[in-house]
Amino acid sequence: MKSGYLSDYFEGVAAKRLRSVEVDTRCSNQHEYNATKAMEKFLGRPGKKVQIPARFIYLNDDDAGPLVEDAYLTYGDRRAGTVDNRTGKPRSEYRLYFPTTNVSLNSSEGDLLVIAKKRDGNLIVIVAENGSSIGRQIEWLFGFSKLNHPGFSARSELETEQDRIAFSARVVLENIGIVVESRTDSCLDEMLEKFPAGFPSTREFSAYARSTLADIHPIDNPDSVLMTWMEREEILFRTLERYLIADKLSKGFSPKGNGIVDTDGFLQFSLSVQNRRKSRVGLALENHLEIIFKENGIRYSRGVVTENRCKPDFLFPSIVEYRDPDFAHFNLTMLGVKSTCKDRWRQILSEASRIPAKHLLTLQPSISENQTKEMATENVQLVVPALLHSTYSSEQQKWLKDLNTFILMVREKQSGSALLNK
1 MKSGYLSDYF
11 EGVAAKRLRS
21 VEVDTRCSNQ
31 HEYNATKAME
41 KFLGRPGKKV
51 QIPARFIYLN
61 DDDAGPLVED
71 AYLTYGDRRA
81 GTVDNRTGKP
91 RSEYRLYFPT
101 TNVSLNSSEG
111 DLLVIAKKRD
121 GNLIVIVAEN
131 GSSIGRQIEW
141 LFGFSKLNHP
151 GFSARSELET
161 EQDRIAFSAR
171 VVLENIGIVV
181 ESRTDSCLDE
191 MLEKFPAGFP
201 STREFSAYAR
211 STLADIHPID
221 NPDSVLMTWM
231 EREEILFRTL
241 ERYLIADKLS
251 KGFSPKGNGI
261 VDTDGFLQFS
271 LSVQNRRKSR
281 VGLALENHLE
291 IIFKENGIRY
301 SRGVVTENRC
311 KPDFLFPSIV
321 EYRDPDFAHF
331 NLTMLGVKST
341 CKDRWRQILS
351 EASRIPAKHL
361 LTLQPSISEN
371 QTKEMATENV
381 QLVVPALLHS
391 TYSSEQQKWL
401 KDLNTFILMV
411 REKQSGSALL
421 NK
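Throughout the sequence shown, residue numbering follows UniProt numbering, covering 1 to 422 in sequence.
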């Protein structure tokens with residue numbers, strides 16, 4: 001089995017669009033899905049009904065987090081013990097029976113349904129709202145493009161290039177509760193020596209991550225370089241984090257050594273771990289972009305204050321020109337940076353009011369067409385690294401910009417002819 005692929009975590013996966021009889025109790029109370037022959041490869045062919053522990057997850061773009069409930073799926077052959085009257089051969093018809101959960105109660109016709117078998121034998125049952133970005137991302141993650149027929153599409157083995165777990169795939173996996181083990185112990189001793197007090201500032205850690213990849217040059221292919229740097233920093237971060245957490249846990253949370261656990265201390269520590277993970281990714285993305293802009297000779301200001309105390313992530317050519325009323329607005333550019341969007345992309349609409357057309361860079365794959373149309377309506381141009389363009393529809397790809405194209409556009413504005421400012 002290859003390492004670093006979905007096969008590390010899953011034996012197989014199946015997906016379909018929910019039909020009315022599977023979600024509407026007015027149409028049916030059967031609470032069942034028809035399994036397919038392809039699903040039997042990873043679910044098996046038990047002789048009698050079996051109950052399989054399952055985590056049910058409901059996802060949409062509006063809620064802060066997923067709706068999660070643990071229950072069981074019952075799997076078995078509905079036709080067990082019967083034969084075909086014409087051929088005399090045994091008949092089989094495997095079904096999956098699901099209980100009523102908060103997830104099933106929130107499900108609607110057309111929603112995406114994914115059933116994945118994990119390596120421990122348990123199942124994950126995911127329902128994602130129809131038309132949502134997170135639904136598109138789940139489809140992309142598991143390699144399903146068009147689910148037009150009523151039955152399940154299924155995949156097993158999961159070791160193609162599509163199934164390789166890179167930075168963006170890791171983010172989607174963590175949305176469904178799969179913690180990806182990514183580390184490089186070969187750098188651990190060096191990091192412990194370099195950062196004896198624990199995690200340094202995000203700028204310092206980003207610089208260290210880049211230093212471990214000396215042969216990469218951001219002028220050659222900025223899109224690829226950005227993704228490579230982000231992937232490298234993520235692996236190094238998780239390596240150091242894993243060590244520091246283990247060290248803290250080994251020392252325990254009984255500061256007086258009397259066996260009384262400092263519950264508040266433990267909760268604060270856990271919260272600090274989660275907060276550091278969330279804040280670090282966005283800052284790391286900005287850090288690496290800043291170096292790419294520098295190496296490409298692009299003038300910029302980062303995180304400076306504009307109107308109403310707003311702080312756009314990047315202004316081009318700089319805050320000096322932005323504050324100069326005689327400097328033409330069409331020679332100004334603003335770039336917002338968000339590792340993932342959801343509804344947070346709207347935050348940039350109020351930033352840098354002198355610049356009506358906003359640019360937004362994200363590492364989020366498969367944003368829904370509804371959301372990208374809304375962005376375009378609000379005069380927001382999405383910038384996505386070229387490696388992720390294939391996760392978008394063909395129509396969306398015509399509209400997307402990659403990082404290299406964005407750099408060329410800004411460079412042209414900053415060239416002598418573009419900055420005549422007349």
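All residues carry an ideal CB built from backbone N, CA and C; glycine is no exception.
Can you tell me which of the three DSSP states residue i falls into?
i      : result
Leu96  : strand
Ala245 : Before going further, note that residue 245 is Ile rather than Ala in the sequence given. In the structure shown, Ile245 sits in a helix (DSSP, three-state: H, G or I).
Phe316 : strand
Leu420 : Unreliable positioning characterises Leu420 in this predicted model, as indicated by a pLDDT of 49, which lies under 50. A coordinate reading is not provided.
Lys146 : coil
Asp163 : helix
Asp120 : coil
Arg19  : coil
Ser104 : helix
Ser186 : helix
Phe406 : helix
List the DSSP bridge partners of residue i.
i      : result
Val383 : Leu361 and Lys401
Asp220 : In DSSP, Asp220 forms no bridge with anything.
Ile115 : Ala14 and Val125
Ala71  : Ala54
Glu32  : Tyr97
Asp77  : Tyr94
Tyr5   : Arg164
Just to confirm before moving on: does the CB-CB distance between residue i and residue j stay below 7 Å?
i      : j      : result
Phe152 : Lys16  : yes
Arg183 : Arg242 : yes
Asp223 : Ala386 : yes
Tyr9   : Ile178 : yes
Ile219 : Asn275 : no
Ala128 : Ala14  : no
Ser54  : Leu6   : Correcting the residue type first, residue 54 is Ala in the shown sequence and not Ser. In this structure, Leu6 does not lie closer than 7 Å to Ala54 by Cβ.
Phe314 : Arg299 : no
Pro365 : Leu388 : yes
Trp140 : Thr391 : yes
Leu113 : Leu173 : no
Along the chain, where does the alpha helix (DSSP H) that runs through residue i open and close?
i      : result
Ser153 : Counting along the chain, Ser153 falls outside any alpha helix (DSSP H), though it belongs to the beta strand (DSSP E) covering Ser153 to Ser156.
Glu174 : Phe167 to Asn175
Lys41  : Lys37 to Leu43
Lys294 : Thr263 to Glu295
Gln371 : Glu369 to Thr377
Thr202 : Thr202 to Ser211
Kindly indicate the opening and closing residues of the beta strand (DSSP E) around residue i.
i      : result
Ile57  : Val50 to Leu59
Lys338 : Thr333 to Lys338
Inset, instruction - Inspect the CB distances between the region 368-379 and the region 124-139 and report whether three or more fall short of 8 Å. - result: yes
Legend entry - At least 3 beta-carbon pairs within less than 8 Å: the region 62-82 vs the region 140-147: no
Legend entry - Touching by the beta-carbon criterion (3+ pairs, under 8 Å), the region 229-237 and the region 316-327: no
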